[in-house]
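Read in my numbering, the sequence shown has 837 at position 554, and its numbers run on one by one without any break. Backbone N, C-alpha and C fix where the C-beta goes; we use that ideal spot for every residue, glycine too.
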Amino acid sequence: MRLLPNPTLFKRLPVGRRAWIVPFTALALFVAAILVLLWFVHRHETEIQLANLRRDTQYAELAITREILAHQEFADRLAGGIASGQSPGSMIEQARAYQALNSEIRNVIWSSADDMHGWSIPSWKDLTAIARERSSVEERERMRRLAIATGRPTYTEPYRDSQDEPYIEYFSPVVDHGSYRGSISMTLSLRTVMQRLVPVAVAEKYRLSLVDAEGRELFSHDTGLETSDWLTQSVSLTLPWRNLVLSATSYKTDSLLGRTLLTGVILIITCVLAWSLWSLRRRVELQAQADSALMASHERFVTVLDAIDSGVAVSDMQTRELLFCNESFSRIFPGHGIGSNGAEVERAFSPLPSQAIPPDLLVDIEGNPAHAQRIEVRDEKSGHWYALRVRAVRWVDGRLVRLTMISDITDRKAAEERSRVQQEKLLLTSRLMSVGEMASTLAHEINQPLSAIANYNMGAVRRLKSDHWKKEDLVSALEKSAAQAERAGRVVHRVREFLRRREPVREPMSINEVVVDVTELIELEAEKSNVQLRLDMGHDVPLVSGDRIMIEQLLLNLIKNGIEAMKQTRVQDRILTVQTATSGGQVEIRVMDRGHGIAADVAPELFSPFFTTKDNGMGMGLNICRSIVELHDGHLWFSANPAGGSVFHFTLPPAIEPAMQS
Ligand code: ADP
Numbered sequence: 284m285r286l287l288p289n290p291t292l293f294k295r296l297p298v299g300r301r302a303w304i305v306p307f308t309a310l311a312l313f314v315a316a317i318l319v320l321l322w323f324v325h326r327h328e329t330e331i332q333l334a335n336l337r338r339d340t341q342y343a344e345l346a347i348t349r350e351i352l353a354h355q356e357f358a359d360r361l362a363g364g365i366a367s368g369q370s371p372g373s374m375i376e377q378a379r380a381y382q383a384l385n386s387e388i389r390n391v392i393w394s395s396a397d398d399m400h401g402w403s404i405p406s407w408k409d410l411t412a413i414a415r416e417r418s419s420v421e422e423r424e425r426m427r428r429l430a431i432a433t434g435r436p437t438y439t440e441p442y443r444d445s446q447d448e449p450y451i452e453y454f455s456p457v458v459d460h461g462s463y464r465g466s467i468s469m470t471l472s473l474r475t476v477m478q479r480l481v482p483v484a485v486a487e488k489y490r491l492s493l494v495d496a497e498g499r500e501l502f503s504h505d506t507g508l509e510t511s512d513w514l515t516q517s518v519s520l521t522l523p524w525r526n527l528v529l530s531a532t533s534y535k536t537d538s539l540l541g542r543t544l545l546t547g548v549i550l551i552i553t554c555v556l557a558w559s560l561w562s563l564r565r566r567v568e569l570q571a572q573a574d575s576a577l578m579a580s581h582e583r584f585v586t587v588l589d590a591i592d593s594g595v596a597v598s599d600m601q602t603r604e605l606l607f608c609n610e611s612f613s614r615i616f617p618g619h620g621i622g623s624n625g626a627e628v629e630r631a632f633s634p635l636p637s638q639a640i641p642p643d644l645l646v647d648i649e650g651n652p653a654h655a656q657r658i659e660v661r662d663e664k665s666g667h668w669y670a671l672r673v674r675a676v677r678w679v680d681g682r683l684v685r686l687t688m689i690s691d692i693t694d695r696k697a698a699e700e701r702s703r704v705q706q707e708k709l710l711l712t713s714r715l716m717s718v719g720e721m722a723s724t725l726a727h728e729i730n731q732p733l734s735a736i737a738n739y740n741m742g743a744v745r746r747l748k749s750d751h752w753k754k755e756d757l758v759s760a761l762e763k764s765a766a767q768a769e770r771a772g773r774v775v776h777r778v779r780e781f782l783r784r785r786e787p788v789r790e791p792m793s794i795n796e797v798v799v800d801v802t803e804l805i806e807l808e809a810e811k812s813n814v815q816l817r818l819d820m821g822h823d824v825p826l827v828s829g830d831r832i833m834i835e836q837l838l839l840n841l842i843k844n845g846i847e848a849m850k851q852t853r854v855q856d857r858i859l860t861v862q863t864a865t866s867g868g869q870v871e872i873r874v875m876d877r878g879h880g881i882a883a884d885v886a887p888e889l890f891s892p893f894f895t896t897k898d899n900g901m902g903m904g905l906n907i908c909r910s911i912v913e914l915h916d917g918h919l920w921f922s923a924n925p926a927g928g929s930v931f932h933f934t935l936p937p938a939i940e941p942a943m944q945s
């Protein structure tokens with residue numbers, strides 16, 4: 284017998300399955316051993332039970348036979364007494380005493396051969412009862428003849444009375460000097476024989492029955508308990524001539540039930556064991572599948588990550604140990620790889636990412652990963668700029684880790700810087716152009732105080748020459764002259780300020796003040812074009828945050844466009860209104876003119892660079908205006924003026940610091 288699995292079959296099995304052969308074989312062997320053990324126990328118990336049954340049945344048979352034989356002897360003794368002429372009185376007494384002690388004896392009857400003499404126990408008075416329990420007349424006749432013929436005692440066939448009670452009758456012939464004188468008969472109740480003579484210990488354990496020669500059951504001592512199908516034993520009662528069999532069948536015992544229960548429990552445990560082993564195997568297989576799927580997905584993940592240009596690194600949230608980094612990361616930061624300290628990489632960055640984005644910023648209040656954080660940093664060593672996207676993610680082992688995506692944005696930063704410088708240059712050019720365009724009006728504005736100064740000076744000179752001068756007049760003239768010089772100086776200062784090339788500065792300012800300043804600058808221009816400037820300043824308009832010069836430039840462009848749009852408008856309608864108001868939490872400025880308005884085909888192009896409908900226009904004004912507004916996080920748009928002309932709107936966010944609004 285081959286106990287080990289076929290080696291070729293074993294080799295053909297997948298490696299994962301081979302490991303399961305040992306536990307499954309062990310389980311099978313364990314089950315087989317338990318079953319064999321149970322079978323042995325069962326066989327042993329059966330043998331013991333059979334031996335007990337055999338012994339008990341023989342014991343019962345012996346007990347019955349011994350008593351019956353004693354009864355036979357007693358009957359034979361009575362027959363001998365009659366033959367020897369004992370007095371009937373003493374014999375009746377003996378028989379009565381004997382019957383009183385042995386209740387299975389229903390009656391003892393002496394009847395002479397001619398049936399003329401006789402006595403009976405009980406007495407003849409109970410004849411009906413006696414007759415009912417006796418064998419049939421024919422049977423008695425047959426017995427009598429048999430007794431006469433053989434001169435030996437005999438039994439009738441077992442019989443039942445009208446109440447179905449089983450009996451047997453014993454005939455002992457009275458033979459005197461070879462002649463038959465009659466017989467002593469003794470009726471035995473088989474029920475009482477069984478109930479009284481079978482030892483109680485045996486009766487309790489077995490279902491006992493008495494079976495006749497034809498196999499008919501005469502009596503059974505049945506307690507109603509369930510009997511075993513196979514633990515049964517029969518033994519013949521050694522009564523003369525009659526083949527009565529005592530049969531005993533074992534009741535089902537608790538041990539049998541216990542064993543069946545035990546077998547059941549063992550089988551259930553085995554099934555549970557096999558099932559759990561099976562499901563464990565399933566789980567391990569699934570785990571292995573999941574592991575290989577995870578491995579494949581990890582490989583895909585690494586391949587994809589290695590293919591991208593940005594550096595990707597995963598580091599422990601607290602220790603900053605690098606748990607993963609892709610090829611780009613290793614390329615950007617040579618010498619840093621898995622296991623090295625992620626904080627080392629960032630040491631030269633300004634600002635320091637671990638301080639700018641601390642771990643608390645990466646998780647929400649429940650401790651789950653929050654939104655990604657973005658930061659742009661400069662590597663002070665190399666001068667490179669990097670964009671960092673940092674977020675917390677759950678790592679394969681369940682802990683939260685810091686995922687950093689890092690892209691080199693040095694080129695973009697340089698382009699942005701170039702564009703910023705160009706934009707600045709453009710703005711300056713635009714301002715220069717505005718001033719150039721306003722040169723005549725500015726000249727006029729400066730000329731006026733200059734002429735006034737000349738006049739005051741001439742007047743002073745005249746007075747000094749005439750010798751009729753008063754000190755007060757001279758002082759007043761010179762003061763006025765100085766005031767005019769100051770006025771001219773202010774104009775020059777404002778123009779210089781307007782044209783100064785400088786870094787944009789954001790500061791809180793009152794938009795109403797800016798509007799007033801700008802209108803002062805353009806006033807003469809408006810006058811020249813016969814345009815009325817109207818200011819409609821909103822009260823309680825909050826301060827806005829922005830670069831003052833840029834906002835002035837923006838307003839100047841829009842107002843100039845408005846004035847230019849009204850060239851064809853009737854003089855009395857040439858009104859340009861500047862409105863300031865608060866709208867939806869923002870400060871809104873509207874420049875409203877009554878000019879020719881904006882044609883539908885022109886509208887989409889209006890803000891495009893170099894778009895102009897004017898002969899000498901540059902087409903950059905509105906484009907610059909939009910850049911300025913967007914730089915200040917505002918919006919610029921236009922609409923039709925209901926009174927004719929157009930309205931240009933722009934919004935600016937209010938300055939956040941309430942303290943600055945005072
Ligand atoms: P430019 O003034 O040099 O033409 P802009 O960018 O300032 O450049 O304006 C572009 C075009 O938009 C102008 O040529 C004009 O056709 C139109 N436009 C600008 N402002 C107004 C306005 N207030 N009313 C009507 N059309 C305007």
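query, result
"Along the chain, where does the beta strand (DSSP E) that runs through T532 open and close?", "V528 to Y534"
"Would R630 pass as a contact of A655 if the rule is Cβ separation under 9 Å?", "no"
"Run through the segment 819-889 for me and flag every whole beta strand (DSSP E) of 3 or more residues, listed as ranges in chain order.", "827-829, 858-866 and 869-875"
"Alpha carbon to alpha carbon, what distance is there between A675 and I648?", "13 Å"
"Quick one: grab the DSSP three-state call for R285.", "Any reading at R285 needs caution, since the residue's pLDDT is 48, under 50, leaving its predicted position unreliable; the model's value is listed next. Residue state, collapsed to three classes: coil."
"Return the first residue and the last residue of the alpha helix (DSSP H) that G227 is part of.", "Outside the shown range of the chain (284 to 945) lies residue 227, about which nothing can therefore be said."
"Using beta-carbon positions only, say whether S713 and N899 come within less than 9 Å of one another.", "no"
"Consider the C-beta atom of D876 and the heavy atoms of the ligand MG; say whether any pair is separated by less than 8 Å.", "Although the ligand MG was asked about, the structure shown includes only the ligand ADP as ligands."
"DSSP on R657, reduced to helix/strand/coil?", "strand"
"Within the same chain, show all residues whose beta-carbon is closer than 6 Å to that of R238, passing over the 5 residues directly before and after it, in chain order.", "Since the first residue shown for the chain is 284 and the last is 945, residue 238 is missing from the structure and cannot be characterised."
"Per DSSP, D691 is paired with what?", "Y669"
"Quick check on the DSSP output: what are the complete beta strand (DSSP E) runs of length 3 or more inside the segment 571-628, in order along the chain?", "594-599 and 605-608"
"In this structure, does DSSP put N738 in helix, strand or coil?", "helix"
"Which of the three DSSP states, helix, strand or coil, is assigned to A343?", "helix"
"In the DSSP output, what is S468 paired with across the bridge?", "I392 and F454"
"Relative to the C-alpha of L859, which residue among E808, G867, R831 and D884 is closest?", "E808"
"What are the residues that DSSP puts in a beta bridge with W402?", "W393"
"Which one of A926, L540, K843 and M833 has the shortest CA to CA distance from E707?", "M833"
"Helix, strand or coil: which one does DSSP assign to M943?", "Low local confidence applies: a pLDDT of 39 at M943 is under 50, so the model's placement there is unreliable, with the coordinate-based value given in what follows. Helix."
"So what's S419 in DSSP terms, helix, strand or just coil?", "coil"
"Which two residues bound the contiguous beta strand (DSSP E) that contains S503?", "E500 to H504"
"Whose CA, out of M901, L527 and L635, lies closest to the CA of N844?", "M901"
"So, A557 versus L310, is the Cβ gap smaller than 9 Å?", "yes"
"Using DSSP bridges, identify the partner residues of W920.", "H932"
"Taking the alpha-carbon of V684 as reference, which of V628, A726 and R603 has the nearest alpha-carbon?", "R603"
"Would you identify the three-state DSSP class for S462, choosing helix, strand or coil?", "strand"
"Could you check what DSSP says for F894 in three-state terms: helix, strand or coil?", "coil"
"Taking Cβ positions, are S611 and G594 nearer each other than 9 Å?", "yes"
"Between S455 and A346, is the Cβ-Cβ spacing less than 9 Å?", "no"
"Is there at least one non-hydrogen atom of the ligand ADP closer than 8 Å to the beta-carbon of E649?", "no"
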